[in-house]
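Start counting the sequence shown at 7; every next residue gets the next number (our numbering).
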Amino acid sequence: MKSFEGETLSWDCSDGVLEVSLHRPPCNEIGRPTLGDLERLVEALGALQDEISAVVFSSAIQAGFSAGADLGQLYREMQGLDAPARQAGVREFLERIHRALNAIDAAGAVTIAAVHGVCFGGGFELALVCDLIVADRTARFSFPELRLGLVPGFGGVPRLKRDLGNALVRDLLFTGRSINAAKALEAGLVSQVVAEGQALRVARQMAQQARKFDRETVRAAKRFVKPIPYAELRQEIELFCELFARPAVEQSLRKFAEGAGVMPYLP
Numbered sequence: 007m008k009s010f011e012g013e014t015l016s017w018d019c020s021d022g023v024l025e026v027s028l029h030r031p032p033c034n035e036i037g038r039p040t041l042g043d044l045e046r047l048v049e050a051l052g053a054l055q056d057e058i059s060a061v062v063f064s065s066a067i068q069a070g071f072s073a074g075a076d077l078g079q080l081y082r083e084m085q086g087l088d089a090p091a092r093q094a095g096v097r098e099f100l101e102r103i104h105r106a107l108n109a110i111d112a113a114g115a116v117t118i119a120a121v122h123g124v125c126f127g128g129g130f131e132l133a134l135v136c137d138l139i140v141a142d143r144t145a146r147f148s149f150p151e152l153r154l155g156l157v158p159g160f161g162g163v164p165r166l167k168r169d170l171g172n173a174l175v176r177d178l179l180f181t182g183r184s185i186n187a188a189k190a191l192e193a194g195l196v197s198q199v200v201a202e203g204q205a206l207r208v209a210r211q212m213a214q215q216a217r218k219f220d221r222e223t224v225r226a227a228k229r230f231v232k233p234i235p236y237a238e239l240r241q242e243i244e245l246f247c248e249l250f251a252r253p254a255v256e257q258s259l260r261k262f263a264e265g266a267g268v269m270p271y272l273p
């Protein structure tokens with residue numbers, strides 16, 4: 007499928023580059039609708055693997071790339087269920103999102119995230135599966151999950167450790183703070199920082215550069231320089247489910263879901 011228009015994202019494939027645009031208001035929260043569209047994207051990547059050299063992810067939402075997991079939806083799904091059913095539902099969702107993101111991580115094409123504004127939690131984890139991140143100067147990155155009594159659940163900790171090591175992981179997790187594009191560049195998280203509104207343009211230029219290379223060579227290089235930490239990813243699912251079972255987490259999710267703020271996920 008070379009083009010697709012879904013509820014939460016769309017894509018179009020042209021001249022060897024597949025562009026994915028996230029467009030779920032208010033800020034591309036990742037819940038079951040987004041998961042379904044990501045699974046369709048993974049199918050398309052498999053079908054088009056011999057035609058595409060690069061994949062570009064961007065957001066059409068002014069607020070940013072993605073605010074993370076749709077915690078309000080998660081809380082609403084919990085209501086009326088007993089503890090085992092809640093656990094089973096969360097585990098099923100996590101296993102599906104991990105399969106989708108692992109497939110994007112392992113894609114043979116060069117994957118590029120063009121980031122602006124908010125890139126928090128699960129949105130940050132989506133960016134981390136990409137080979138390259140281009141950030142405009144408005145971009146901010148954060149893992150705020152510990153505020154809710156949880157850890158990142160979409161694979162962010164193992165992938166950030168893979169790319170940068172434990173120091174930045176501990177900083178982001180244990181402070182909950184966000185870092186700006188300049189700090190992300192200094193840490194090696196992003197490959198380029200560009201002017202406001204220019205991330206997608208620069209990402210497209212990088213995608214055109216990737217088209218010049220032999221696809222099999224790129225696939226071999228990715229397997230060598232970007233191993234996927236499958237064992238740690240499984241451990242993350244187990245830890246998330248263990249923490250999710252605590253009553254304090256349900257209370258935190260209720261407070262979050264009932265928050266009156268426009269963007270309660272912001273630090």
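Beta carbons are placed, not taken as given, at the ideal position from N, Cα and C, and that holds for glycine.
Keep in mind the model is a prediction, meaning the values are calculated, not measured.
Distance, residue j Cα to residue i Cα
i	j	result
GLN215	ASP18	18 Å
LEU206	LYS167	26 Å
ARG217	GLY52	18 Å
ARG229	ASP111	10 Å
ARG102	LEU154	22 Å
GLU222	PHE160	28 Å
PRO273	GLY182	Because PRO273 carries a pLDDT of 41, less than 50, the predicted location of this residue cannot be relied on, and no value is offered for it.
SER197	VAL140	6 Å
GLY203	GLN211	14 Å
GLU238	PRO164	6 Å
ALA109	ALA254	33 Å
LEU44	PHE99	13 Å
CYS247	LEU191	33 Å
TYR81	GLU256	8 Å
ILE58	GLN85	43 Å
ALA226	ARG252	43 Å
With 16 other Cβ atoms within 10 Å as the buried cut-off, status of residue i
i	result
ARG260	exposed
ASP137	buried
ALA201	exposed
LYS8	exposed
LEU24	buried
PHE63	buried
PRO31	exposed
VAL268	Any reading at VAL268 must be qualified, since the residue scores a pLDDT of 41, below 50, and its modelled position is unreliable; the value itself is stated next. The residue is exposed, with fewer than 16 neighbouring Cβ atoms inside 10 Å.
SER72	buried
ASP220	exposed
SER65	buried
GLU35	buried
VAL303	Residue 303 lies beyond the residue range present for the chain, which begins at 7 and ends at 273; the question has no answer from this structure.
LEU47	buried
GLY171	exposed
SER20	exposed
ALA50	buried
ALA213	buried
LEU87	exposed
ALA209	buried
CB of residue i within 9 Å of CB of residue j, strictly
i	j	result
ALA96	VAL61	According to the sequence displayed, residue 96 carries Val and not Ala. No. Outside cutoff.
VAL124	ALA133	no
GLY78	ALA263	yes
VAL224	ASP142	no
GLY127	ALA75	yes
GLU242	PRO150	no
Anticipated Cβ contact below 8 Å, residue i with residue j, distance rounded
i	j	result
ARG14	HIS29	The question names Arg, but residue 14 is Thr in the sequence shown. The pair is a contact, with the Cβ atoms about 7 Å apart (cut-off 8 Å).
GLU131	LEU107	7 Å
PHE152	PHE250	This sequence places Leu at residue 152; Phe is not what is there. 13 Å between Cβ atoms; not a contact.
Any C-beta of chain D under 9 Å from that of residue i
i	result
ASN186	Of the chains in the structure shown, none is chain D; there is only one protein chain.
I'd like to know if the region 105-119 and the region 176-184 are in contact, where contact means that at least 3 CB-CB pairs between them fall below 8 Å.
no
Mind the definition here: the region 181-197 touches the region 133-150 only if three or more C-beta pairs lie below 8 Å; say whether that holds.
yes
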